[in-house]
Amino acid sequence: MKVGVPRETVPGEQRVAIVPEAAAKLVAAKHEVIVESGAGTGSGHDDEAYRKAGATVSDRQAAFGADIVVKVQKPSAEEIGLLREGAAFIATLQPLTNKDAVKALAARRTTAFSMDMIPRVTRAQSMDSLSSQSNIAGYKAVLVAANSLPKFFPMLTTAAGTVTPARVLVLGAGVAGLQAIATARRLGAIVEAFDTRPVVKEQVQSLGAKFLEIELGEQGEGTGGYAKELSEEAHKKEQELVGKHVKDADVVITTALVPGRRAPILVTADMVRAMRAGSVVVDLAAEMGGNCELTEPGKTVVREGVTIHGEVNWPSTVAFHASQLYSRNVSALLAHLSKDGALALDLEDEITKGALITHEGQVVHAATKAALEKA
Ligand code: NAD
Numbered sequence: 034m035k036v037g038v039p040r041e042t043v044p045g046e047q048r049v050a051i052v053p054e055a056a057a058k059l060v061a062a063k064h065e066v067i068v069e070s071g072a073g074t075g076s077g078h079d080d081e082a083y084r085k086a087g088a089t090v091s092d093r094q095a096a097f098g099a100d101i102v103v104k105v106q107k108p109s110a111e112e113i114g115l116l117r118e119g120a121a122f123i124a125t126l127q128p129l130t131n132k133d134a135v136k137a138l139a140a141r142r143t144t145a146f147s148m149d150m151i152p153r154v155t156r157a158q159s160m161d162s163l164s165s166q167s168n169i170a171g172y173k174a175v176l177v178a179a180n181s182l183p184k185f186f187p188m189l190t191t192a193a194g195t196v197t198p199a200r201v202l203v204l205g206a207g208v209a210g211l212q213a214i215a216t217a218r219r220l221g222a223i224v225e226a227f228d229t230r231p232v233v234k235e236q237v238q239s240l241g242a243k244f245l246e247i248e249l250g251e252q253g254e255g256t257g258g259y260a261k262e263l264s265e266e267a268h269k270k271e272q273e274l275v276g277k278h279v280k281d282a283d284v285v286i287t288t289a290l291v292p293g294r295r296a297p298i299l300v301t302a303d304m305v306r307a308m309r310a311g312s313v314v315v316d317l318a319a320e321m322g323g324n325c326e327l328t329e330p331g332k333t334v335v336r337e338g339v340t341i342h343g344e345v346n347w348p349s350t351v352a353f354h355a356s357q358l359y360s361r362n363v364s365a366l367l368a369h370l371s372k373d374g375a376l377a378l379d380l381e382d383e384i385t386k387g388a389l390i391t392h393e394g395q396v397v398h399a400a401t402k403a404a405l406e407k408a
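If you count by this note's numbering, then the sequence shown holds residues 34 to 408, one letter each, in order.
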């Protein structure tokens with residue numbers, strides 16, 4: 034099977050879907066890998082590295098003309114137009130909100146899989162790019178916060194006296210939040226965290242952070258281990274708790290997401306006003322509207338003396354490892370979908386069914402179909 038690897042074109046995107054290490058493995062598994070020239074440059078891989086891995090380096094047309102095309106970012110209309118009719122496609126489609134691309138892929142008769150829709154089941158852990166990329170975002174959020182903060186993170190005992198450690202508050206303790214907690218602890222900060230899913234309490238504590246407890250009056254856990262949206266009353270209770278802790282924090286890292294919804298506002302403008310000047314907010318939920326009322330998605334702004342980071346693509350800033358891990362996720366999915374070098378789809382298989390969005394001219398993914406009908 035010919036596997037095409039185009040260069041990513043979304044501004045600022047440095048990652049590539051297949052690094053040379055993964056290309057070599059695909060070649061060994063009897064696939065032909067066609068890479069668009071320059072596709073790996075942003076993540077530190079030149080064309081020569083792909084050639085050495087046994088891939089063919091060619092132009093955009095050739096990469097998009099493959100039997101299966103793999104990308105990081107969702108495709109543009111132009112890119113969908115370059116796909117061969119009936120070809121397969123893998124990317125982070127975000128199909129519930131990216132309706133035009135889904136319709137265009139169906140019209141092109143593309144067999145399209147979305148990395149972000151792979152069920153989070155044990156069998157699919159090696160394919161879980163949401164986790165691999167969130168992990169990077171959580172790590173980078175702490176480094177950026179430490180870099181912006183006019184203070185040390187660790188406690189220091191110096192000849193000039195003792196410096197107190199930074200106080201970090203992490204809201205949302207999923208994959209990104211837990212990595213943020215671990216990284217902030219490694220830098221020596223005092224860390225507090227909150228999540229509406231009480232099951233994470235032990236994980237937070239095992240990383241040496243304090244879990245903030247509050248009686249919400251309801252369970253924050255929905256289906257599949259994910260959070261559900263809180264009632265208005267529970268949301269107010271949470272904001273009250275958050276408000277008390279935000280004012281004493283030097284750094285607030287927010288990661289709270291509810292699948293398919295706008296991110297909940299946890300840090301209001303008033304709370305930011307109450308923070309000490311020089312404090313930092315890193316809002317990892319910016320792409321979904323942000324957990325902080327003053328976040329401007331895609332930008333870093335200073336409001337009320339507080340630096341608020343709303344950048345939306347942290348994994349791309351660690352492009353080498355983000356690409357390496359994403360490649361491994363994609364390769365694991367490819368291995369799952371193929372047999373003897375060709376696609377062999379079992380449409381009843383939980384992973385295949387969960388990730389398959391369009392097939393034979395139809396939108397086949399139940400949640401995506403429902404989102405399209407609602408629109
Ligand atoms: P996510 O990115 O959707 O959400 C991030 C966090 O925000 C979650 O922990 C969520 O509970 C929290 N959150 C939502 N609303 C909130 C609010 N109002 N206040 C505070 N926190 C709020 O989730 P994720 O990090 O991708 O994963 C969440 C969970 O999914 C994991 O912890 C795990 O249970 C499950 N998971 C399973 C697997 C697997 O089995 N293979 C892999 C990864 C994740």
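Where is the CB? At the ideal position from N, CA and C, for every residue including glycine.
Here the structure is a predicted model, which is why all the values come from computation and not from measurement.
What separation, rounded to the nearest whole angstrom, lies between the Cα atoms of residue i and residue j?
i, j, result
"Glu235", "Ala213", "16 Å"
"Met308", "Val339", "7 Å"
"Lys372", "Asn180", "48 Å"
"Met150", "Pro198", "40 Å"
"Thr350", "Arg40", "16 Å"
"Val237", "Leu204", "11 Å"
"Ala375", "Lys58", "15 Å"
"Thr401", "Lys136", "10 Å"
"Ala267", "Pro292", "18 Å"
"His64", "Thr125", "22 Å"
"Val66", "Gly311", "49 Å"
"Arg219", "Ala61", "39 Å"
"Tyr259", "Thr229", "10 Å"
"Ala164", "Ile384", "One point to set straight first is that residue 164 is Ser, not Ala, in the sequence displayed. So the alpha carbons of these two residues sit roughly 16 Å apart."
"Arg153", "Gly394", "27 Å"
"Ala226", "Ser356", "29 Å"
"Val49", "Leu367", "16 Å"
"Pro44", "Lys107", "13 Å"
"Val175", "Ile123", "30 Å"
"Ala318", "Val102", "29 Å"
Using a 10 Å radius around the Cβ and a threshold of 16 neighbouring Cβ atoms, would you call residue i buried or exposed?
i, result
"Val196", "exposed"
"Leu245", "buried"
"Val116", "The sequence as given places Leu at residue 116; Val does not occur at that position. Label assigned to Leu116: buried."
"Ala377", "exposed"
"Ala282", "buried"
"Glu69", "buried"
"Thr190", "exposed"
"Leu129", "buried"
"Gln158", "exposed"
"Ala215", "buried"
"Val114", "The sequence shown places Gly at residue 114, not Val. Per the 10 Å Cβ criterion, exposed."
To which residues does DSSP link residue i through a beta bridge?
i, result
"Ser91", "Glu69"
"Ala124", "Ser147"
"Glu225", "Leu202 and Lys243"
"Ile286", "Val203 and Val315"
"Val135", "Its beta-bridge partners do not exist; DSSP assigns none."
"Gly194", "Thr191"
"Leu376", "Ser371"
Check whether the Cβ of residue i sits closer than 8 Å to any heavy atom of the ligand NAD, and report yes or no.
i, result
"Ser239", "no"
"His268", "yes"
"Glu235", "no"
"Phe244", "no"
"Gly311", "no"
"Arg93", "no"
"Thr288", "yes"
"Gln158", "yes"
"Thr333", "no"
"Val208", "yes"
"Gly253", "yes"
"Gly258", "yes"
"Phe97", "no"
"Glu271", "yes"
"Leu163", "yes"
"Gly250", "no"
"Ser147", "no"
"Gly387", "no"
"Val102", "no"
"Gly322", "no"
"Cys348", "Note that residue 348 is Pro in the sequence shown here, rather than Cys. It does not: the Cβ of Pro348 is nowhere closer than 8 Å to a heavy atom of the ligand NAD."
"Ser167", "yes"
"Arg153", "yes"
"Asp316", "no"
For the putative contact between residue i and residue j, defined by C-beta atoms under 8 Å, what is the C-beta separation to the nearest angstrom?
i, j, result
"Leu240", "Glu251", "That pair is no contact at about 26 Å."
"Ala145", "Thr391", "5 Å"
"Pro53", "Lys85", "7 Å"
"Gly322", "Arg295", "4 Å"
"Ile286", "Val208", "That pair is no contact at about 13 Å."
"Arg142", "Gly171", "About 38 Å; that fails the 8 Å criterion."
Taking only beta-carbon atoms, is residue i less than 9 Å away from chain B?
i, result
"Ile341", "In summary, chain B is missing from the structure at hand, where a single protein chain is found."
What do you reckon, is the C-beta of residue i under 8 Å from a heavy atom of the ligand ZN?
i, result
"Arg218", "In the structure on display, the ligand ZN does not appear, and the ligands it does have are the ligand NAD."
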